[in-house]
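All remarks here apply to the structure that follows.
Protein chains: 2
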Amino acid sequence: MKNQEIPYKIYLDEQEMPKEWYNVRADMKQKPAPLLNPATLKPMTAEELRPVFCDELIQQELDDTTAYIPIPEDIRNFYKMYRPSPLVRAYCLEQKLQTPAKIYYKFEGNNTSGSHKLNSAIAQAYYAKHQGLKGVTTETGAGQWGTALSMACAYLELDCKVYMVKVSYEQKPFRREVMRTYGASVTPSPSNTTKVGQKILEQHPGTTGSLGCAISEAVEVATSNEGYRYVLGSVLNQVLLHQSIIGLESKIAMDKYGIKPDIIIGCAGGGSNLGGLISPFMGEKLRGEADYRFIAVEPASCPSFTRGKFAYDFCDTGMICPLAKMYTLGSGFIPSANHAGGLRFHGMSSILSQLYHDGFMEATAVEQTSVFEAAEQFARIEGILPAPESSHAIRVAIDEAMKCKETGEEKTILFGLTGTGYFDMVAYEKFHNGEMSDYIPTDEDLQVGFDGIPKFSGNEF
Amino acid sequence: MKNQEIPYKIYLDEQEMPKEWYNVRADMKQKPAPLLNPATLKPMTAEELRPVFCDELIQQELDDTTAYIPIPEDIRNFYKMYRPSPLVRAYCLEQKLQTPAKIYYKFEGNNTSGSHKLNSAIAQAYYAKHQGLKGVTTETGAGQWGTALSMACAYLELDCKVYMVKVSYEQKPFRREVMRTYGASVTPSPSNTTKVGQKILEQHPGTTGSLGCAISEAVEVATSNEGYRYVLGSVLNQVLLHQSIIGLESKIAMDKYGIKPDIIIGCAGGGSNLGGLISPFMGEKLRGEADYRFIAVEPASCPSFTRGKFAYDFCDTGMICPLAKMYTLGSGFIPSANHAGGLRFHGMSSILSQLYHDGFMEATAVEQTSVFEAAEQFARIEGILPAPESSHAIRVAIDEAMKCKETGEEKTILFGLTGTGYFDMVAYEKFHNGEMSDYIPTDEDLQVGFDGIPKFSGNEF
């Protein structure tokens, strides 16, 4: 198929869709550090994780040697409802920028959850169902993950309890209604339905909640109800495994047309999209078969990679989850309220943290206004209204394409367009009205979070 | 390709995409009645339409003999950004319903405007640009059309002035922000920016506006500003012509796999989606080459086909537009405020009206609660959150599939899934909270509208 004209959108046939996920850890010489039990500072065993997570998912979480893991047929059938996602050649954007660069994006927003989160939601719900569980619990902030999980659970007729950060619950009633449409129970967090919620409400009566608090409530409900487990939408190794479908499909589509990307760009919050997109390409790089430039793009207001510490830290603010070694701003870090959309997590996937630490990828931080400028430009030219998260990648893709315009280099750029911005119009409105803030934390702001990173032997930074 | 397994989604290759629109009027023995000048009661000439509409579009409006009209290359390139739309086999729905029926739907919601409206918006904007105009004006109610037109104008760098019914402007701020993202100016109607708006505001100071009023304002602005024309998103012949892309793609995809639909179902407001979907199939039926059952589905609260009169009437409440012969509830008819979403227009496309009158298609009216029941069921099973409008077709598709279950017939059903419901969550919330109304107008309610239908020789009913 080489040398033929590249269509605007490349869709794989169903038969071409991947039948296995790719586990990039298998090709990493320096493996990501294991989760630690905060009480013993020893690696978490499967047995210790069992009350919280589904059995099969624990195995995936801990397996750092198996390169390919079969995707169960039921999950593949669900994928067929909204995948393969298109690999889009941004002809219109290239023309408008007058760049010699060739720009591609893998668009994951064409499903009702509006983002790539569904790729892991269906997998996690499937293993819960397979284990004979009654339901799952989770937290959601901006709402993409909660929506995706609700959809997956509706399909499998599994109960789904979502703890939604109270401020989002109130400010994003439509997100809540989508989840209700999918039959999920949605509770504003903190709530009176859990002990930890009651305690927080006593201590901080007026609190509008946080992701950390919602995680604590969801975990409490999972561990105290027979037949329930807790599931998480990013950060974990298992999530990056499921999200490898993004990169695998991209690679098959590119190989089919003889396209080789020079630069691969993704936004990074907890790392699920970026990790999924780059996995198979990173595998080639790790095995010395090919070279690529990988760029993680994070918000300047929550700069885990570019200004964080590589250390063991809690994944949740409530400090009830295991310790993960990652680039972190400290589990007590709270990004500015002015920051729109997701990408607000204080830490980063252990896999990506290790790869970044070992020099296999770059990271850059971008400011909010410039992100929305890129978002609006992209919307007008390519016709897709991007999520604020995805727009971080758009910003850097455009910047790289403009560099090519200066140098005349015909580089091929691939970026991940993780989702749509239909539920983020409040942020767009702020941008249109010139009310958007470009807050960047000072070193002193960051110190508060760093002070909270657990101190123990081996955790010096 | 016959007999091979049908995939979940059939995507045409770019080379397979239609290069011509199909004009069903060419195959109609009984042509739709022409637009009349309300002053003379004679057919509108191109010259009379010129101050309001673009030249090329007037030609398309009046041409009832040319069967195939080439799609300009620029429009085809724009179509490639979001088309071909998938023809989906509803395997999951079939399984859940346990029906022997085979259900397909053509999904038009996978673009940022969220509906099929973009198919005609880009065509109308293109001809305006081609004519060297500065911009276009339009009205929008629910907002799908305004959004689509904004996107098309942003792409072509054409000015776009949208008059949005005030109640929608206030209740749907996100729709407004999407249009602003695409650079459109959005004015709540009635406004002080037009004479007709000022007059209405004087007479009814507290009014929340109507589609009829917004049309009047948009037409006034188009005709009183150098280099502007007015464009409309439904009802007109030209719109059905552009929307034939839906049916043409469906037919090519079905032919490719040897699928022949027995029943074709679409929701009907002004008729743009239904007309577009059925056009090529209707052409076969009109030429005696094949037979299909066509079902138009309308809301019981706005039942133009099933309870309207076939007569000449105004397309707008302000009575400034030409007269069209159509099934109408009277241009003064106002659907219940409890009615959600679009499909609120008092009239119906002249083409579809004539076909219905001549017995080539059926129509049925469905109540709101049953529509949302179908919407939620569909969302949970097929993973797409449908627009309320589209859900009318889902309701009847499910009903027909359940009839097949009773009779054991293996019928093939095709329906149009026109769009997504992301901006309709207020209606979903009402449904979840049991606050949805199933208002059906009484004969007395309808009489008010019927009394307003113009009386003249040849317009008896």
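Chains as they are written, first to last, in my numbering: chain A, 14 to 474; chain B, 14 to 474.
We treat Cβ as the ideally placed atom computed from N, Cα and C, and that holds for glycine.
All of these numbers come straight from a predicted model, not from anything done at the bench.
Reference residue i, options the options, closest by Cα
i, options, result
"Lys208/B", "Cys226/B, Thr194/B and Tyr195/B", "Cys226/B"
"Phe391/B", "Ile116/B, Asn351/B, Ala39/B and Glu61/B", "Ile116/B"
"Lys174/A", "Tyr81/A, Glu230/A, Gln108/A and Asp437/A", "Glu230/A"
"Ala155/A", "Lys130/A, Val149/A, Leu169/A and Gln144/A", "Lys130/A"
"Thr200/B", "Gly159/B, Phe463/B, Asn238/B and Glu380/B", "Gly159/B"
"Leu169/A", "Gln111/A, Asn90/A, Ile82/A and Ile291/A", "Asn90/A"
"Asp437/A", "Ala303/A, Glu190/A, Gln184/A and Pro45/A", "Gln184/A"
"Gln72/A", "Tyr104/A, Val232/A and Leu249/A", "Leu249/A"
"Gly354/A", "Ser128/A, Gly421/A, Ser292/A and Ile308/A", "Ser128/A"
"Arg193/B", "Pro454/A, Val439/A and Ser470/A", "Val439/A"
"Val101/A", "Glu413/A, Ser404/A, Ala197/A and Glu121/A", "Glu121/A"
"Thr420/A", "Thr112/A, Lys212/A and Ala80/A", "Thr112/A"
"Ala46/B", "Asn132/B, Glu413/B and Asp371/B", "Asp371/B"
"Ile426/A", "Gln216/A, Glu33/A and Ile308/A", "Ile308/A"
"Pro56/B", "Glu389/B, Leu336/B and Leu368/B", "Leu336/B"
"Pro553/B", "Pro20/B, Lys418/B, Leu106/B and Asn238/B", "Residue 553/B lies beyond the stretch modelled for chain B, which goes from 14 to 474, so this question has no answer here."
Other residues of its chain near residue i: CB distance less than 7 Å, five sequence neighbours each side excluded
i, result
"Asp87/A", "Tyr139"
"Pro97/A", "Tyr24, Leu25, Met30 and Glu262"
"Ala61/B", "According to the sequence shown, residue 61/B is Glu rather than Ala. The residues are Asn50."
"Gly288/A", "Leu253, Gln256, Ser362, Ile364 and Leu365"
"Lys42/B", "none"
"Val234/B", "Thr150, Lys174, Thr207 and Tyr241"
Residue i at chain A interface by Cβ criterion, 9 Å
i, result
"Thr194/B", "yes"
"Asn238/B", "no"
"Pro85/B", "no"
"Asn123/B", "yes"
"Asp26/B", "yes"
"Ile265/B", "no"
"Pro31/B", "no"
"Phe469/B", "no"
"Tyr139/B", "no"
"Leu118/B", "It should be pointed out that residue 118/B corresponds to Tyr in this sequence rather than to Leu. Cβ-Cβ to chain A under 9 Å: no for Tyr118/B."
"His445/B", "yes"
"Gly127/B", "yes"
"Leu346/B", "For the sequence presented, residue 346/B should be read as Phe rather than Leu. Answer no: the Cβ-Cβ gap between Phe346/B and chain A never drops below 9 Å."
Residues near residue i by beta carbon distance below 8 Å, same chain, minus five either side
i, result
"Leu146/A", "Cys67, Leu171, Gly240, Tyr241 and Arg242"
"Asn16/A", "At Asn16/A, the pLDDT of 46 sits below 50, so the modelled position is not reliable; the number obtained from the coordinates is stated separately. Hits under 8 Å: Gly271."
"Thr382/B", "Phe444, Met449 and Asp451"
"Ser223/A", "Val178, Thr330 and Ile347"
"Pro20/B", "Arg102"
Proximal residues to residue i (C-beta, below 6 Å), its chain only, five neighbours per side dropped
i, result
"Arg357/A", "Cys315 and Pro348"
"Ile397/B", "none"
"Ala406/B", "Ile278, Gly279, Cys280, Val310, Phe428 and Gly429"
"Tyr340/A", "Ser317, Phe318, Gly321, Phe323, Met361 and Ser366"
"Gly345/B", "Gly462 and Gly465"
"Ser126/B", "Thr160, Ala161 and Met164"
"Ser470/B", "none"
Min CB distance residue i to chain B below 9 Å
i, result
"Lys15/A", "In this prediction, Lys15/A has a pLDDT of 41, which is less than 50 and means its spatial position is unreliable; what the coordinates show is noted afterwards. Chain B, which has no Cβ nearer than 9 Å to the Cβ of Lys15/A, makes this no."
"Cys173/A", "no"
"Lys93/A", "yes"
"Thr433/A", "yes"
"Tyr441/A", "yes"
"Lys115/A", "no"
"Lys22/A", "yes"
"Arg393/A", "yes"
"Ala134/A", "no"
Jot down the residue ranges of each uninterrupted beta strand (DSSP E) in the region 230 to 302 of chain A, minimum 3 residues, whole runs only, in chain order. Within the region 230 to 302 of chain A, the complete beta strand (DSSP E) runs of at least 3 residues are 241 to 243 and 276 to 280.
Would you list, in sequence order, the uninterrupted beta strand (DSSP E) runs of no fewer than 3 residues that lie entirely inside the region 303 to 339 of chain B? Taken in chain order, the complete beta strand (DSSP E) segments of 3 residues or longer contained in the region 303 to 339 of chain B are 306 to 312 and 322 to 327.
Would you list, in chain order, the members of the region 396 to 417 of chain B that have their beta-carbon closer than 7 Å to a beta-carbon of chain A? Hits within the stretch, in order: Gly396, Ile397 and Leu398.
Can you check the region 379 to 449 of chain B for any alpha helix (DSSP H) of at least 4 residues that lies completely inside it and give the ranges in chain order? Every unbroken stretch of the alpha helix (DSSP H) spanning 4 or more residues and falling wholly within the region 379 to 449 of chain B is given here in chain order: 381 to 395, 401 to 420 and 438 to 445.
As an exercise, report each continuous alpha helix (DSSP H) stretch of at least 4 residues that is fully enclosed by the region 130 to 209 of chain A, in chain order. Entirely contained in the region 130 to 209 of chain A, the alpha helix (DSSP H) runs reaching 4 residues are, in chain order, 131 to 143, 157 to 169, 179 to 184 and 186 to 194.
In chain order, what residues of the region 178 to 205 of chain B put their CB closer than 9 Å to some CB of chain A? Result list: Pro186, Phe187, Arg188, Arg189, Glu190, Val191, Arg193, Thr194, Tyr195 and Gly196.
Suppose only complete runs of 4+ residues qualify. What are the alpha helix (DSSP H) ranges in the region 37 to 74 of chain A, listed by chain order? Listed in chain order, they are 59 to 62.
Whole alpha helix (DSSP H) elements within the region 73 to 101 of chain B, 4-residue minimum: Correct list: 86 to 95.
With 8 Å as the C-beta to C-beta threshold (strictly closer), list the residues of the region 151 to 165 of chain B near chain A in chain order. When C-beta distances to chain A are compared with 8 Å, the residues of the region 151 to 165 of chain B below that value are Met164, in chain order.
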